[in-house]
Amino acid sequence: MYSALKHRVYLANIALTKHGLITLTWGNASEIDREAGVVAIKPSGVKYEELSEDDIVVLDLSGRVVEGSLRPSSDAPTHLEIYRSFPEIGGIVHTHSRFATVFSQAVRAIPPMGTTHADAFLGAVECTRRLTPEEVEADYEENTGRVIAETVGSRPVMDVPAVLVSEHGPFTWGADAAEALKNAVILEEVAAMAWHTAMLGKEREISPHLMKKHYERKHGKDAYYGQEKR
Ligand SMILES: [Zn+2]
Numbered sequence: 013m014y015s016a017l018k019h020r021v022y023l024a025n026i027a028l029t030k031h032g033l034i035t036l037t038w039g040n041a042s043e044i045d046r047e048a049g050v051v052a053i054k055p056s057g058v059k060y061e062e063l064s065e066d067d068i069v070v071l072d073l074s075g076r077v078v079e080g081s082l083r084p085s086s087d088a089p090t091h092l093e094i095y096r097s098f099p100e101i102g103g104i105v106h107t108h109s110r111f112a113t114v115f116s117q118a119v120r121a122i123p124p125m126g127t128t129h130a131d132a133f134l135g136a137v138e139c140t141r142r143l144t145p146e147e148v149e150a151d152y153e154e155n156t157g158r159v160i161a162e163t164v165g166s167r168p169v170m171d172v173p174a175v176l177v178s179e180h181g182p183f184t185w186g187a188d189a190a191e192a193l194k195n196a197v198i199l200e201e202v203a204a205m206a207w208h209t210a211m212l213g214k215e216r217e218i219s220p221h222l223m224k225k226h227y228e229r230k231h232g233k234d235a236y237y238g239q240e241k242r
């Protein structure tokens, strides 16, 4: 069962390594089937070069394994908390990609500095607050999902489909795993650009009108970037 879902999650996980976002096993991708109420995710600690589609674990939204013989990613409770918090989200990716993680470790948002950022993110990619000792002690991974939801707050969750977890690394999302993957790739690139721009002593943010223009021509209701859907 769920072979199409598992296939898509397998491809997204493998693509993370192809894009150079993953060192060793530091990352994972998942996708939810809202109708069936199940989430497919990478198994814990399995090397990407040894990963097969059959290894992908399927969970219900409470974390019970409904298909698969391996243990799910240790970050699964974070993914599940994000899916429970935001019904619009269909896929999630977590990495420790270098430049996004540098900002996470500095507990700093990635400011929108140019159109590369604005094409994907309508504003800064925010960084969560630090977790308290109690939040780390009990239900750490679920609490990580909670601070991500807290950081998104009441703004539309798809306007900026990413959050940096402080002292940890980035989570990105999208309509499915492939879109979450794409946003993880873009996030790493804009984090690297922002870092280098800041190193030049230029931390000026993009003009709000230019940011809005770029975001909306790709994602707004009258989007005109790319080809018409056939
Ligand atoms: Zn991590």
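Under the numbering used here, the residue at position 16 of the sequence shown is numbered 28, and the numbers go up by one with no gaps. Ideal placement from N, C-alpha and C gives every residue a C-beta, glycine not left out.
Neighbourhood of residue i by C-beta, 8 Å cutoff - its chain only, sequence neighbours within 5 removed
i	result
Asp-234	Glu-228
Met-205	Met-125, Gly-126, Thr-128 and His-129
Val-119	Cys-139, Arg-142, Ser-178 and Glu-179
His-91	Asn-40, Ser-42, Val-51, Ile-53, Ser-85, Ile-104, His-106 and Gly-157
Host alpha helix (DSSP H) of residue i (start-end)
i	result
Leu-23	15-30
Leu-63	Here Leu-63 belongs to no alpha helix (DSSP H), and DSSP marks it neither H nor E.
Glu-43	Unbroken run through Glu-43 is the beta strand (DSSP E), 39-45; no alpha helix (DSSP H).
Glu-201	189-211
Ala-130	127-130
Leu-222	220-231
Segment limits, beta strand (DSSP E) that includes residue i
i	result
Val-159	No beta strand (DSSP E) contains Val-159, which is instead part of the alpha helix (DSSP H) from 152-164.
Glu-146	Counting along the chain, Glu-146 falls outside any beta strand (DSSP E), though it belongs to the alpha helix (DSSP H) covering 145-149.
Glu-79	77-79
Pro-182	181-186
Residue i to residue j span [Cα, whole Å]
i	j	result
Lys-30	His-226	28 Å
Val-177	Arg-141	8 Å
Ala-187	Glu-154	21 Å
Pro-220	Val-172	15 Å
Trp-207	Ile-26	27 Å
Ser-86	Ser-56	6 Å
Asp-66	Asp-45	17 Å
Lys-54	Ala-161	22 Å
Ala-121	Phe-115	7 Å
Thr-144	Val-159	11 Å
Cys-139	Glu-179	9 Å
Glu-201	Lys-59	25 Å
Pro-99	Arg-110	29 Å
Tyr-236	Gly-32	30 Å
Glu-147	Ala-52	26 Å
Leu-17	Ser-81	17 Å
Leu-28	Gly-213	32 Å
Val-69	Ala-150	24 Å
Met-61	Thr-37	Residue 61 is actually Glu in this sequence, not Met. Using only the alpha carbons, I get a separation of about 10 Å.
Ser-64	Ser-15	12 Å
Pro-168	Glu-47	22 Å
Met-170	Ile-101	8 Å
DSSP three-state assignment for residue i, whether helix, strand or coil
i	result
Phe-98	coil
Ser-116	helix
His-106	strand
Phe-111	helix
Pro-55	strand
Ala-174	strand
Leu-92	helix
Asp-87	coil
Val-70	strand
Ser-169	The amino acid occupying residue 169 in the given sequence is Val; Ser does not appear at that position. Here Val-169 sits in coil by DSSP.
Ile-34	coil
Same chain, Cβ closer than 6 Å to residue i, neighbours up to 5 away in sequence not counted
i	result
Ala-189	Arg-20, Val-21, Ala-24, Ala-41, Glu-43 and Gly-103
Thr-209	Met-125
His-108	Trp-38 and Gly-181
Other residues of its chain near residue i: CB distance less than 7 Å, five sequence neighbours each side excluded
i	result
Pro-124	Ala-130, Phe-133, Gly-135, Ala-136, Glu-217, Ile-218 and Met-223
Pro-89	Gly-75, Glu-153, Glu-154 and Gly-157
Asp-72	Gly-49, Val-50 and Val-78
Thr-184	Val-105, Pro-173, Ala-174, Ala-192, Asn-195, Ala-196 and Leu-199
Met-13	Glu-79
Arg-83	Pro-55 and Ser-56
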